[in-house]
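If you're matching positions, the sequence shown starts at 1 in UniProt numbering and goes up one per residue.
Idealized CB from N, CA, C, for every residue including glycine.
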Amino acid sequence: MSGVPSTCSALLRELRTSPWVPQYNEADVQKAIDEIDELRTHAHSVAHLDSFSDDDPAWTSTLTAEIQIYTHARACLIAYATCRLSKIMELRWAVGGELPAANRALLSPAELKFADAYDGVLAEYMGAVGGGLDLTNVASPPKELYVGVRVERSAGAVVLASGQVLQLNAHERHLLRRADAEPLILQGLVEHCQQ
Numbered sequence: 001m002s003g004v005p006s007t008c009s010a011l012l013r014e015l016r017t018s019p020w021v022p023q024y025n026e027a028d029v030q031k032a033i034d035e036i037d038e039l040r041t042h043a044h045s046v047a048h049l050d051s052f053s054d055d056d057p058a059w060t061s062t063l064t065a066e067i068q069i070y071t072h073a074r075a076c077l078i079a080y081a082t083c084r085l086s087k088i089m090e091l092r093w094a095v096g097g098e099l100p101a102a103n104r105a106l107l108s109p110a111e112l113k114f115a116d117a118y119d120g121v122l123a124e125y126m127g128a129v130g131g132g133l134d135l136t137n138v139a140s141p142p143k144e145l146y147v148g149v150r151v152e153r154s155a156g157a158v159v160l161a162s163g164q165v166l167q168l169n170a171h172e173r174h175l176l177r178r179a180d181a182e183p184l185i186l187q188g189l190v191e192h193c194q195q
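Structural data, given as C-alpha cells:
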C-alpha cells in the first residue's frame with residue numbers, strides 16, 4: 001500500500017518530462033488503481049470495526065491518513081488521464097488532421113477511441129459551420145482585421161469574399177479586410193504592404 005503515492009508521482013513525472021505523451025503505462029496505472037482500491041477497502045473496514053472509536057486519536061488519525069492517501073492518489077490518476085486527453089486534443093488542432101501514426105502508437109485503446117471520437121466531432125462541427133470551414137488552419141486570431149495591400153498588376157473589377165466589387169489597377173494601394181485580401185494575395189494580384 002505504501003507504493004501508491006510513488007507510483008502515481010512517477011506517472012505524472014513521466015508525463016511532465018515527455019515531449020508529448022509517453023507510452024501509456026498500463027501496468028503502473030493498474031497497479032495504482034489496485035492499491036487505491038485496497039486502501040479504500042482497508043479504510044472502510046477499519047471504520048466499521050467494533051473496536052473503532054471516533055474519540056480515539058490513533059484510530060481517527062490512521063483512518064484520516066489512509067483516506068487522504070487514496071484521495072490524493074485518485075486525484076493524481078485523474079490528472080494523468082486528463083493531461084493525456086488534453087495533449088491529444090492539442091495535437092489534433094496542431095496537425096489539422098488525424099493524429100500521426102507515431103503518436104497514435106503511444107496511446108491506450110481507450111485514448112485511441114477518444115481521439116477518433118474527438119476527430120469525428122470536430123469534423124462534424126467544422127462541416128456544420130461555414131460550409132466546411134477548417135478551424136484548425138488558423139491557430140490564432142489575426143492581430144488586425146484590415147491589411148494594407150499594393151496591386152501588383154491590373155486585374156480590372158474583382159468581387160471580394162465580402163461581396164464588394166473592387167477595381168484593381170497596378171500600383172494602387174488599398175486597405176482591405178484580411179478575409180478579402182488573403183485570396184488576392186494567394187492569386188498574386190496584390191501583395192501585403194505595411195501602412
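Where the beta strand (DSSP E) through residue i begins and ends
i: L91; result: Taken as a continuous stretch (DSSP letters only), L91 belongs to no beta strand (DSSP E), being part of the alpha helix (DSSP H) at 57-95.
i: L166; result: 165-168
i: A157; result: 156-159
i: E98; result: E98 -> no beta strand (DSSP E), and no H or E assigned at all.
i: E191; result: 190-193
Distance, residue j Cα to residue i Cα
i: L111; j: L11; result: It is Glu, not Leu, that sits at residue 111 in the sequence shown. So the alpha carbons of these two residues sit roughly 16 Å apart.
i: I33; j: V46; result: 20 Å
i: P183; j: D116; result: 32 Å
i: A123; j: A102; result: 22 Å
i: I185; j: C193; result: 11 Å
i: L63; j: P109; result: 36 Å
i: R13; j: V21; result: 11 Å
i: S18; j: S9; result: 14 Å
i: G127; j: L99; result: 19 Å
i: A65; j: Y125; result: 47 Å
i: V149; j: R104; result: 43 Å
i: Q23; j: D56; result: 46 Å
i: L49; j: T71; result: 21 Å
i: M1; j: K87; result: Bear in mind that a pLDDT of 49 at M1, under 50, signals an unreliable position, so the number given afterwards is only what the model happens to contain. Those two C-alpha atoms are separated by around 30 Å.
Start and end residues, alpha helix (DSSP H) containing residue i
i: E38; result: 26-47
i: L122; result: 109-128
i: R153; result: Note, R153: premise wrong, no alpha helix (DSSP H); not H, not E.
i: E144; result: That residue, E144, is in no alpha helix (DSSP H); it is neither H nor E in DSSP.
i: E182; result: 178-187
Distance CB(residue i)-CB(residue j) smaller than 9 Å
i: residue 197; j: V190; result: The first residue shown for the chain is 1 and the last is 195, placing residue 197 beyond what the model contains.
i: A161; j: L168; result: no
i: R177; j: L135; result: no
i: G96; j: N137; result: yes
i: L175; j: V147; result: yes
i: I67; j: A43; result: yes
i: L39; j: A75; result: no
Integer Cβ distance of residue i from residue j, believed to fall under 8 Å
i: D37; j: T7; result: About 13 Å; that fails the 8 Å criterion.
i: W69; j: P5; result: In the sequence as presented, Trp is not what sits at residue 69; that position holds Ile. Rounded, the Cβ-Cβ distance is 7 Å, consistent with contact.
i: R84; j: L15; result: 7 Å
i: E172; j: V151; result: 5 Å
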